[in-house]
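Novice: Sharing a structure, written as structure tokens. Questions coming.
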């Protein structure tokens with residue numbers, strides 16, 4: 001394990017950390033994480049993973065930064081309004097830690113590109129930072145098909161939820177959520193609002209799950225849905241089990257057919 | 269059986285986290301009783317027209333009710349019913 005002098009200093013608090021140490025840091029430096037969505041959840045996740053020294057970070061987002069994003073999407077600054085989010089994200093990550101290899105994909109995740117995005121650099125872990133059910137179901141189905149671990153999250157108002165999927169080690173997102181709700185059945189953040197810091201809390205928890213998985217430490221949120229209730233400051237878990245009749249993870253992975261829900265379910 | 273309310277569903281249940289004092293033989297009976305007790309907002313958000321709202325998920329012992337018998341699912345003394353909202357913001 002060879003660290004440069006700068007790395008030894010930059011990551012010194014990790015390297016001295018019991019149960020993490022130089023081995024954990026070495027694993028992070030050699031890891032590749034794909035973050036889908038450079039918004040409220042993707043921002044803190046990307047920034048902490050960059051600071052932690054995850055070697056390659058892929059960012060997927062087709063959108064431009066808007067003024068109304070800045071209250072929670074902390075990777076983008078006032079001067080970034082009208083820039084593509086992937087460009088702004090790349091610049092911010094570069095300022096935090098210039099050693100990170102940032103790969104940007106200015107695309108909307110969909111049926112046609114999801115598998116290519118995940119396999120492009122053979123990413124080790126996927127973070128779902130999207131804001132619509134179509135993408136969330138697609139990410140789950142593709143990750144189960146390609147046998148890739150990912151962490152799901154969603155936020156609204158003062159609340160959030162997350163769970164981690166690891167192939168062969170517990171239920172997938174479909175086991176709990178089954179199928180997307182019809183259009184307009186569930187309020188969006190733009191309709192109901194969201195306390196900006198909620199994205200920070202939940203996105204940072206997603207980064208924690210990624211780091212634990214990559215370093216091989218701790219216990220992941222597999223088989224558990226964590227619900228964060230900001231107004232009461234409660235973190236509660238629901239034990240969940242793999243559904244033997246789950247329409248996705250009960251199948252042979254290679255035979256899973258992805259579904260495009262873009263036009264017939266709730267979107268952000 | 270134990271009923272747990274999460275996120276904004278909790279607000280409509282009088283900020284109750286969980287309770288174990290409701291007697292019901294089926295999920296339908298449970299939701300009907302809760303609707304009567306907590307009133308119109310809870311009813312509208314969780315069990316409108318006596319159907320589970322598209323806005324919420326109900327698990328019994330960690331299993332989605334679509335994989336059980338829906339609202340006809342029989343409840344036992346040691347069952348845990350979890351009610352939480354679908355959330356997709358990011």
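Protein chains in written order, with my numbering: chain Y, 1 to 268; chain D, 269 to 358. All C-beta atoms, glycine included, are put in the ideal place defined by N, C-alpha and C.
1) Considering only their Cβ atoms, is the gap separating residue 111 (chain Y) from residue 260 (chain Y) smaller than 8 Å?
2) Work out the CA separation of residue 293 (chain D) and residue 267 (chain Y) for me, nearest whole Å.
3) Hey, could you find the ends of the beta strand (DSSP E) residue 350 (chain D) is sitting in?
4) Could you pull out every residue in the same chain whose Cβ sits closer than 7 Å to the Cβ of residue 306 (chain D), ignoring the five residues on either side in sequence?
5) Go ahead and label residue 69 (chain Y) buried or exposed: buried means 16 or more other beta carbons lie within 10 angstroms of its beta carbon, across all protein chains shown.
6) To the nearest whole angstrom, what separates the beta carbons of residue 89 (chain Y) and residue 142 (chain Y), a pair I think is in contact under 8 Å?
7) Mind checking if residue 268 (chain Y) is an interface residue toward chain D, Cβ cutoff 8 Å exclusive?
8) Taking a cut of 9 Å between CB atoms, which residues from the region 49 to 79 of chain Y lie near chain D?
9) Of all the residues that make up the region 305 to 339 of chain D, which are near chain Y by a beta-carbon distance shorter than 7 Å?
10) Is it right to say residue 288 (chain Y) is buried, meaning 16 or more other beta carbons lie within 10 angstroms of its own, or is it exposed?
11) Which residues does DSSP pair with residue 101 (chain Y) in a beta bridge?
12) Across which residues does DSSP place residue 225 (chain Y) in a beta bridge pair?
13) Nearest by alpha-carbon distance to residue 356 (chain D): which of Y:122, Y:135, Y:95 and Y:114 is it?
14) Under a CB-based cut-off of 8 Å, is residue 356 (chain D) close to chain Y?
15) Taking residue 164 (chain Y) as part of the beta strand (DSSP E), name the residues at either end of that continuous run.
16) State whether the region 171 to 184 of chain Y contacts the region 271 to 278 of chain D, with contact taken as three or more CB pairs (one from each stretch) at a distance under 8 Å.
17) May I ask you to list, following chain order, the residues of the region 146 to 168 of chain Y that have a beta carbon less than 8 Å from some beta carbon of chain D?
18) Using only alpha-carbon positions, find the residue among Y:56, Y:210 and Y:178 that is nearest to residue 245 (chain Y).
19) So is residue 114 (chain Y) in contact with chain D if we call contact Cβ pairs under 8 Å?
20) Would you call the region 316 to 329 of chain D in contact with the region 153 to 172 of chain Y, where contact means no fewer than 3 C-beta pairs closer than 8 Å?
21) With a threshold of 8 Å between beta carbons, is residue 275 (chain D) in contact with chain Y?
22) According to DSSP, is residue 152 (chain Y) part of a helix, a strand, or is it coil?
23) So which residues on chain D does residue 189 (chain Y) lean against when the C-beta distance must stay under 7 Å?
24) When you compare the CB of residue 86 (chain Y) with every CB in chain D, is at least one pair closer than 8 Å?
25) Which same chain residues, not among the five before or five after residue 238 (chain Y), have their C-beta less than 6 Å away from its C-beta?
26) Along the chain, which unbroken stretches of the alpha helix (DSSP H) at least 4 residues long are found entirely within the region 14 to 60 of chain Y?
27) Using a 10 Å radius around the Cβ and a threshold of 16 neighbouring Cβ atoms, would you call residue 147 (chain Y) buried or exposed?
28) So if I threshold CB-CB distances at 7 Å, which residues from the region 226 to 242 of chain Y count as touching chain D?
Specialist: In short:
1) As a working mapping, residue 260 (chain Y) is identified with position 260 in the first chain. As a working mapping, residue 111 (chain Y) is identified with position 111 in the first chain. Yes.
2) Along the first chain, read from residue 1 onward, the residue named residue 267 (chain Y) stands at position 267. Along the second chain, read from residue 1 onward, the residue named residue 293 (chain D) stands at position 25. Legend: pLDDT at residue 267 (chain Y) = 49, less than 50; position of this residue unreliable, no value from coordinates given.
3) Numbered from 1 along the second chain, position 82 holds the residue referred to as residue 350 (chain D). 348 to 353 is the extent of the beta strand (DSSP E) around residue 350 (chain D).
4) Position 38 of the second chain, counted from the first residue, corresponds to residue 306 (chain D). For residue 306 (chain D), where only same-chain residues beyond five positions count, the Cβ hits under 7 Å are 280, 281 and 282.
5) In the first chain, the residue the question calls residue 69 (chain Y) occupies position 69. Flag for residue 69 (chain Y) reads buried.
6) In the first chain, the residue the question calls residue 89 (chain Y) occupies position 89. In the first chain, the residue the question calls residue 142 (chain Y) occupies position 142. About 21 Å; that fails the 8 Å criterion.
7) For the purposes of this step, residue 268 (chain Y) is taken as the residue at position 268 of the first chain. The predicted model places residue 268 (chain Y) with a pLDDT of 49, which falls under 50 and marks its position as unreliable, so this point remains unresolved.
8) Taking 9 Å as the Cβ-Cβ cut-off, the region 49 to 79 of chain Y has no residue approaching chain D.
9) If the cut-off is 7 Å between Cβ atoms, the region 305 to 339 of chain D has 322, 323, 325, 327, 330, 331, 332, 334 and 335 near chain Y.
10) With chain Y covering 1 to 268 only, the question about residue 288 (chain Y) has no answer from this structure.
11) In the first chain, residue 101 (chain Y) corresponds to position 101, counting from 1. Its beta-bridge partners are Y:56.
12) Translated into positions along the first chain, residue 225 (chain Y) becomes position 225. Answer is Y:238, bridged to residue 225 (chain Y).
13) For the purposes of this step, residue 356 (chain D) is identified with residue 88 of the second chain, where counting begins at 1. With distances taken between CA atoms, residue 356 (chain D) lies nearest to Y:135 out of Y:122, Y:135, Y:95 and Y:114.
14) Taking the second chain and counting its residues from 1, the one referred to as residue 356 (chain D) is at position 88. Yes, residue 356 (chain D) lies at the interface with chain Y (some Cβ there is under 8 Å from its Cβ).
15) For the purposes of this step, residue 164 (chain Y) is identified with residue 164 of the first chain, where counting begins at 1. In this chain, the beta strand (DSSP E) harbouring residue 164 (chain Y) covers 159 to 165.
16) Fewer than three Cβ pairs drawn from the region 171 to 184 of chain Y and the region 271 to 278 of chain D lie within less than 8 Å of each other, which leaves the two stretches out of contact.
17) The residues in question are 153, 154, 155, 156, 157, 159, 160 and 161.
18) Along the first chain, one-based indexing puts residue 245 (chain Y) at 245. Among Y:56, Y:210 and Y:178, the Cα nearest to that of residue 245 (chain Y) belongs to Y:178.
19) Locating residue 114 (chain Y) in the first chain gives position 114, counting from the first residue. Output row for residue 114 (chain Y): interface = no.
20) By the criterion of at least three beta-carbon pairs nearer than 8 Å, the region 316 to 329 of chain D is not in contact with the region 153 to 172 of chain Y.
21) In the second chain, residue 275 (chain D) corresponds to position 7, counting from 1. Closer than 8 Å to some Cβ of chain Y, the Cβ of residue 275 (chain D) qualifies, so yes.
22) In the first chain, the residue the question calls residue 152 (chain Y) occupies position 152. Residue state, collapsed to three classes: strand.
23) Position 189 of the first chain, counted from the first residue, corresponds to residue 189 (chain Y). Going along chain D in sequence order, the residues near residue 189 (chain Y) (Cβ under 7 Å) are 357.
24) Residue numbering aside, residue 86 (chain Y) sits at position 86 when the first chain is read from its first letter. No, residue 86 (chain Y) lies away from the interface with chain D (no Cβ there is under 8 Å from its Cβ).
25) Counting from one through the first chain, the residue named residue 238 (chain Y) turns up at place 238. The residues are 225.
26) You should have 21 to 29 and 42 to 52.
27) Residue numbering aside, residue 147 (chain Y) sits at position 147 when the first chain is read from its first letter. Exposed is the label assigned to residue 147 (chain Y), since fewer than 16 other Cβ atoms lie within 10 Å of its Cβ.
28) Using a CB distance below 7 Å, the part of the region 226 to 242 of chain Y facing chain D consists of 227, 229, 236, 238, 239, 240 and 241, ordered along the chain.
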